Structure formats: structure tokens, C-alpha cells
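Chains as they are written, first to last, in my numbering: chain A, 6 to 238; chain B, 19 to 133. For glycine and all other residues, C-beta sits at the position ideal for the given N, C-alpha and C. Source: prediction; values computed, not measured. Just below is one structure, and these are the notes that go with it.
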Ligand SMILES: Nc1nc2c(ncn2[C@@H]2O[C@H](COP(=O)(O)OP(=O)(O)O)[C@@H](O)[C@H]2O)c(=O)[nH]1
Ligand SMILES: [Mg+2]
């Protein structure tokens, strides 16, 4: 229970055996009384075992679906187990669970809250095409939302019951759909979005899924997903 | 010209028999069997008598029947490809839901056993 709400932490994990156990332990240590669900997305390593030994509930997908696929499963679990709040936390240790109560509090006046890196706190920087993509996205979404959203690709996010009910059935599985298209859909349908400034840490182990080489492709795909999500039903 | 006709006729018959064999072994869903069977039935007479479409093509301003057949074939194949992409997208969505269901069921089973 945080702020009188039943909170579920969903951790999408794909081949994160080196860091997932620490993340689970840290979450459970900092936030006693919250549910912890690790969605193992068809990992080839011991992610499931590590997470279970650390005390998490584990849902294991039979094959890799991507972050969006894992998260819809997480929201479905939260929906079926009557949680009031579902919060996504990455398995690589970049998200500090001490911000979770702040995210939950911010849900008092919003349906969906993003833990944002560029909102003042921390010193996260990106360069080149990826940065242009992020800047344009956040400008467009902030306008549509009538409130600032400075980090549209952050994976540190909190959803209230209304949003959980949507995401349990609709959550895009495509690359970047889980970040960009989700936000566009929420804003277009009148959900209230807000952000809380956070500091993110370095990944604890393993490698990030995006390499610098991919960042131009990233820009193009981000633009495409954004354009599509503006016209999709 | 006769040689060409033999070639096209044989190709058409070969395709038809492949379709028939796939259906017979239950490897091809009926709807696709019907689709490709119809295609075969239309194409084989044309393969044997390439001039068959000449009057029609002249009427709509296409120089020769063969060009008309080629044009129609390209359009037809495009439509089929689009249909198959759509079908695959739908199947992926269905298997995704199944994968989720399976994962949820196994998680719940473990929780019950653990209690
Ligand atoms: N379920 C699932 N999670 C993934 C996949 N790829 C990455 N992740 C998880 O998503 C989180 C963020 O990944 P990361 O590579 O750090 O991306 P970044 O933080 O945006 O640079 C981590 O918890 C990863 O384990 C995937 O294919 N499926
Ligand atoms: Mg990360």
C-alpha cells in the first residue's frame, strides 16, 4: 500500500539475469507491501530463476514479444488482480524505486505519470538524431496534452486504474509503439498525463538494447509511429 | 510460338496439380485452395490460347492480350500479398494473446501450488 493504493511494480526483463535480482530486492526493500511482477520475455538466460529467488512473482512468456508485449501482460495481471496502480520499472537498475511514492502521489491528479529525465533533475543527455526525435516528440505531445512532457521515451511510468483498464486490452507491441503510440492514444482520448522529474542511474549490467548506430533509423521510425498513431483508430 | 504455348500450358498444369496435392494432404486451407484453383482455371486456357484476350484488350485500348494478362497478374498478386500480410498481422495478434494467456495461467498455477 502506498498512499492508500494497492501498487504493482511490473518489471519487463529480457536476458537480464545479472541485474534483475538486485532490482527486485531493492524494490521490495524500499517499498514493502507492493506487488512485484517480473515479466520474463522469453529470456535465454536465468532471468526467471533469479527474479523468483529474489522474491518476485514471475510471468514467463514462451517467446520474445518485446517490451510492449511484456507490458500488456503486466497490465492484464494488474487488472485481473485488482491493483489500483501499475508502475513499470526497468530490469537494468536504471530506475530508482525511491521515486515510486512520488509517482503514486502524482496520480492523484493524473491518469498516467512519467518519470522524466529531462525535467530538471539528473544529468541524462543524448545526442544526434535520437535527441532530435525526442525533442520533437516531446514538443508535439506537450502541446496536445496542455502540460509539459519532456521525456516521452522514459520507461519509468505509473498508471491508475482507468489507464490499467485500457492497457490490459490495448497495448502496442511494435517497436516504439509502447512509448510513443501509447502516449498519443492517451492524450487523444482525454486521459490526463503528468510528469515527475527523476534521476536515472547507469544500467547495472548487460548492454542497452539501442546501439548508437541505430539512432538515425530510430528517428525515422519514431516519426512514422507518431504519424501513424495520429490517424489510427 | 507453339513451343511457348507448350511451356505456359505445362507451367499452368504443374501449378494446378501442386495446389491439388496440397489440398489433398490438408496442407492448404480450403479458402486458398479455391482462390488458387480459380486462378488456375482462368490461366490455363490463356496459356494454351494466348490470343484469347486480344479482342477484349483492344476494346479497352491495350495493345496485346499478353500485356493485359501481365498487368492483371501483377495487380492480382499485389492484392494477394496485401491480404497475406493482413492475415499474418492478425495471426501474430492472436498468438500474442495466447502467449499472454499461457504465461498468466502458469503464473497462477504456481501461486496456487505455492500456497
Ligand atoms: N520484455 C522485454 N523487455 C525488454 C526487451 N528488450 C529490453 N527489455 C527491457 O526493457 C528495459 C529497458 O531496456 P534498455 O535496453 O535498458 O532500454 P533503455 O533503458 O531505453 O536504453 C530493461 O528492463 C530490459 O530488460 C524485450 O524484448 N522484451
Ligand atoms: Mg535501460
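Closer than 7 Å: residue i CB and nearest ligand 1 heavy atom
{"i": "residue 71 of chain A", "result": "yes"}
{"i": "residue 97 of chain A", "result": "yes"}
{"i": "residue 186 of chain A", "result": "no"}
{"i": "residue 206 of chain A", "result": "no"}
{"i": "residue 83 of chain A", "result": "no"}
{"i": "residue 21 of chain A", "result": "yes"}
{"i": "residue 160 of chain A", "result": "yes"}
{"i": "residue 5 of chain A", "result": "Absent from the structure is residue 5 of chain A, since the part of chain A shown begins at 6 and ends at 238."}
{"i": "residue 18 of chain A", "result": "yes"}
{"i": "residue 61 of chain B", "result": "no"}
{"i": "residue 44 of chain A", "result": "yes"}
Span of the alpha helix (DSSP H), counted from its first residue to its last, around residue i
{"i": "residue 16 of chain A", "result": "Where residue 16 of chain A is concerned, there is no enclosing alpha helix (DSSP H), although the beta strand (DSSP E) it sits in stretches over 12-18."}
{"i": "residue 91 of chain B", "result": "83-132"}
{"i": "residue 136 of chain A", "result": "133-150"}
{"i": "residue 104 of chain A", "result": "Where residue 104 of chain A is concerned, there is no enclosing alpha helix (DSSP H), given that its DSSP letter is neither H nor E."}
{"i": "residue 72 of chain B", "result": "72-77"}
{"i": "residue 68 of chain B", "result": "It is not in any alpha helix (DSSP H) - residue 68 of chain B carries neither H nor E in the DSSP assignment."}
{"i": "residue 230 of chain A", "result": "220-236"}
{"i": "residue 206 of chain A", "result": "Element bounds for residue 206 of chain A: n/a, residue is neither H nor E."}
Assumed close pair residue i, residue j - CB separation to whole angstroms, cut-off 8 Å
{"i": "residue 43 of chain A", "j": "residue 16 of chain A", "result": "5 Å"}
{"i": "residue 201 of chain A", "j": "residue 234 of chain A", "result": "Not confirmed; about 24 Å, so no contact."}
{"i": "residue 92 of chain A", "j": "residue 162 of chain A", "result": "7 Å"}
{"i": "residue 118 of chain A", "j": "residue 173 of chain A", "result": "Their Cβ separation, rounded to whole angstroms, is 18 Å, which puts residue 118 of chain A and residue 173 of chain A out of contact at 8 Å."}
{"i": "residue 109 of chain A", "j": "residue 94 of chain A", "result": "Actually they do not touch by this definition, with Cβ atoms about 13 Å apart."}
{"i": "residue 67 of chain A", "j": "residue 123 of chain B", "result": "That belief does not hold up - the Cβ atoms of residue 67 of chain A and residue 123 of chain B are roughly 11 Å apart, past 8 Å."}
{"i": "residue 97 of chain A", "j": "residue 208 of chain A", "result": "4 Å"}
{"i": "residue 122 of chain A", "j": "residue 203 of chain A", "result": "7 Å"}
Beta-bridge pairing of residue i - partner residues as DSSP gives them
{"i": "residue 200 of chain A", "result": "A:119"}
{"i": "residue 163 of chain A", "result": "A:92, A:118"}
{"i": "residue 41 of chain A", "result": "A:14"}
{"i": "residue 37 of chain B", "result": "Its beta-bridge partners do not exist; DSSP assigns none."}
{"i": "residue 7 of chain A", "result": "A:10"}
N- and C-terminal bounds of the beta strand (DSSP E) containing residue i
{"i": "residue 47 of chain A", "result": "Run containing residue 47 of chain A: none; DSSP gives neither H nor E here."}
{"i": "residue 62 of chain A", "result": "62-66"}
Quiz prompt | Touching by the beta-carbon criterion (3+ pairs, under 8 Å), the region 52-67 of chain A and the region 25-43 of chain A | solution = yes
Quiz prompt | Any 3 or more C-beta pairs closer than 8 Å across the region 67-78 of chain A and the region 163-171 of chain A | solution = no
Quiz item: At a cut of 8 Å, does the region 51-71 of chain B reach the region 29-37 of chain B through at least three beta carbon pairs?
Solution: yes
Exercise. Flag this pair as touching only if the region 146-166 of chain A and the region 42-58 of chain A have three or more C-beta atom pairs under 8 Å; answer yes or no.
Key: no
Quiz item: With contact counted as at least three CB pairs below 8 Å, one residue from each stretch, are the region 220-229 of chain A and the region 136-152 of chain A in contact?
Solution: yes
Quiz item: Is the number of C-beta pairs between the region 173-191 of chain A and the region 67-74 of chain A that are closer than 8 Å three or more?
Solution: yes
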